[in-house]
Structure formats: C-alpha cells, structure tokens
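Participant: Residue numbers (this note's numbering): 799 to 1051.
Glycine included, C-beta positions come from ideal geometry on N, C-alpha and C.
All values reported here derive from a predicted model rather than from experimental measurement.
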Ligand code: ATP
Ligand code: MG
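Below is the structure:
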C-alpha cells in the first residue's frame, strides 16, 4: 500500500508545490514510485511537472465531481516512475457542484482507494486554503508535511493549521499523522529566518525535519522548465536539500 503524504499549509507561497514536486523527483531518484496529485485549482504542480493544465481535458475535478475513474486522468511525466493527476481552474467549483452530497470529505480518499497498491508514495499538493479541497487531501492522507516559510507570520499560520489538523483527526481521519514541519526558503543572512527556525525547532523539536530548504533560485527556475530540481540542476543547493529530505523520510520509516 502507498504511503499517502499531503503537503499542506493554508498560507500561500510557502513552498508547498515546490516541495511536492521536488520530493517526488527525489523519491524517484532513490528508486521509489510516486503518484503526484494536484489538488490546487492554480495547477502549479501540473505545470511544474511539464504538463499544460489548460490543454488537458479531464482531470481531478472530473474524478471528484463525476466519479470518473482516476486511472483515466493519470498522466506519465518525463520523470521516471512519477505519474501526475493534473488539475485546472475547474477544480475551484468543486464545493458548489458537490453541495448536494452530505459529507463530501472522502471524495479523494474513495477515488484513490483502487490505486494505492500501484505506487509506493502518493503525494498530494494542497491549495492555500482550509476549504473542501484541503479537507479532502487531509482525509485521504496518512500523514502531512507542513512547509513553513522562514518569514513574517509563519507562527500564526502554524497555529491555524495545527488547530485544523487536530479537528480533522478528531472528526474525520484519526490516523492522520504530522510527518513534520519543513523549514523552507531559509536564508541565514536574514535574522528573522534564524529566529523563526529557532522558534519552530524549540516548539516542535521532534516534529521538525532536520533538513531545511535554503532559498535557492534554481528551485524557481526548475518550475519554469517543468522539471523536478534533481533533474534540472542536480548539484544546486535546493536539489541536495530535497534529496536529504527524501532520505530523512525514508530513514524515519
Ligand atoms: P501556493 O500557496 O500559491 O500554492 P506554494 O506554497 O505552493 O504557493 P510555491 O509555489 O512552492 O509555494 O513557492 C512560491 C514561490 O517561491 C514560487 O515562485 C517558487 O518557485 C518559489 N520558491 C519556493 N521554494 C523556494 C526556495 N527554497 N528558494 C527560492 N524560491 C523558492
Ligand atoms: Mg502551490
């Protein structure tokens, strides 16, 4: 059975999509198969894996809203043993089109139940909100990685997501585990970045990955070229950091 990991933080631009793509690429480099699911209507994860969200007719929206077999929307990518379930803007309407369903929280969990034997990891890229899409991701996942940008208001976002995760554990998914907080876009020259890392590590020592992700322009460029960082620029500091994160996750299993 796959290990299903959601990458979630309702705060925007903290490195969720970059982490979802880079970790998928690094798991593949370490010989593990991955299905990467884009649960964000922005489609950044789809684009970052080299696919054009506007050119794909059926996607995760059709699976969740209309019971389309998920196998029909899975796309191969140029990264060995990484497949993608794409999204596009239509996904933003999921809440309104499922308003007749009493508890539309398990749509994703049900949709992937038949394919969890096909991949070692399923990684879900979440949107920057605490709405239905995020809820579906956290109800389908075994664990969650929370990227925390070493920046202003990081702690407020962490407090919010912790309270939302404990509600989900209580009401919908008791098995959901916090795999770890991941410090992202770390720049040691910025005093605030050091302060945020010290604070997070002080509060959540056991639950913060030892690996932290440096600010590295190659990560932004890799997204533009539609490739995981380890394939785009394997020696970049961002690539080495995500390989180290993948190893840390594998070692802790
Ligand atoms: P959203 O909430 O909009 O989905 P997100 O949390 O998925 O955003 P990303 O899209 O991964 O965040 O990152 C936001 C921006 O920062 C992107 O332009 C990305 O390329 C860039 N970025 C992410 N991580 C790094 C990093 N470690 N160093 C430099 N740039 C980064
Ligand atoms: Mg994103």
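#1: Does any heavy atom of ligand 3 sit closer than 7 Å to the C-beta of residue 807?
#2: Suppose you measure from the CA of residue 983 to the CA of residue 828; what does that come to, to the nearest Å?
#3: Does the contact criterion of 3 or more C-beta pairs under 8 Å hold for the stretch 878-897 versus the stretch 851-869?
#4: Kindly indicate the opening and closing residues of the beta strand (DSSP E) around residue 804.
#5: For the 8 Å Cβ check, are there 3 or more pairs between the stretch 866-878 and the stretch 942-952?
#6: Assign residue 1006 to one of three DSSP states: helix, strand, or coil.
#7: Could you check if residue 820 is buried or exposed, using at least 16 other CB atoms within 10 Å of its CB as the buried criterion?
#8: What are the residues that DSSP puts in a beta bridge with residue 1012?
#9: From which residue to which residue does the beta strand (DSSP E) around residue 840 run?
#10: For residue 799, does the count of other Cβ atoms within 10 angstroms reach 16, so buried, or fall short, so exposed?
#11: Among residues of its own chain, excluding the 5 on either side of residue 868, which ones have a beta-carbon nearer than 7 Å to its beta-carbon?
#12: Please state whether DSSP places residue 947 in a helix, a strand or coil.
#13: Give the DSSP-derived three-state secondary structure of residue 866 in the structure shown.
#14: For residue 900, name the three-state secondary structure that DSSP assigns.
#15: With the cut-off set at 8 Å, would you say residue 899 and residue 937 are in Cβ contact?
#16: Please report the straight-line C-alpha distance between residue 939 and residue 832, rounded to a whole angstrom.
#17: Can you list, in chain order, the residues of its chain whose CB lies under 6 Å from that of residue 817, leaving out five sequence neighbours each side?
#18: Determine the extent of the beta strand (DSSP E) in which residue 872 is found, giving its start and end residues.
#19: Along the chain, where does the alpha helix (DSSP H) containing residue 956 start, and where does it finish?
#20: Taking the alpha carbon of residue 919 as the reference point, which residue from 1017, 1008, 881 has its own alpha carbon closest?
#21: I'd like to confirm something about residue 925: is its beta-carbon nearer than 7 Å to some heavy atom of ligand 1, or not?
Facilitator: The relevant details are as follows:
#1: Among the ligands in the structure shown, ligand 3 does not appear; only ligand 1 and ligand 2 can be found there.
#2: 24 Å
#3: yes
#4: 801-805
#5: no
#6: strand
#7: buried
#8: 984
#9: Per DSSP, residue 840 belongs to no beta strand (DSSP E) and is neither H nor E.
#10: exposed
#11: 861, 883, 909, 910, 913
#12: strand
#13: coil
#14: coil
#15: no
#16: 14 Å
#17: 805, 945
#18: Premise fails: residue 872 is in no beta strand (DSSP E) and is neither H nor E.
#19: 952-969
#20: 881
#21: yes
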